[in-house]
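Trainee:
Numbering (my numbering), first residue to last: 2 to 84.
#1: In whole angstroms, what is the alpha-carbon distance linking residue 86 and residue 59?
#2: Less than 8 Å between the beta carbons of residue 20 and residue 29, yes or no?
#3: Taking only the alpha-carbon atoms, compute the straight-line gap between residue 44 and residue 35 and give it to the nearest angstrom.
#4: Where residue 53 and residue 61 are concerned, what is the direct C-alpha to C-alpha distance, given to the nearest angstrom?
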């Protein structure tokens, strides 16, 4: 099996920072990142019609019509304790 040599110092530094935070080696961090990317790609392959599904969801669950009322910033600031 061929080894991977990362020639870009910024990428090497990023791998080192991530590895430190995860408590892994740089190789382990790169492997974990690539596994996550592959999992996302596989998920996208299994669900190629996700945008169509989302459009169907929006049709089934539309937003309520606009009321024409303006938001009262002072009221919402009081609710969140910002005043």
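Positions of the beta carbon are idealized from the N, C-alpha and C atoms, including for glycine.
Small disclaimer: the values here were computed from a predicted structure and weren't measured.
Mentor: By the coordinates alone:
#1: The structure shown does not extend to residue 86, since the chain is modelled only from 2 to 84, so the question has no answer here.
#2: yes
#3: 14 Å
#4: 12 Å
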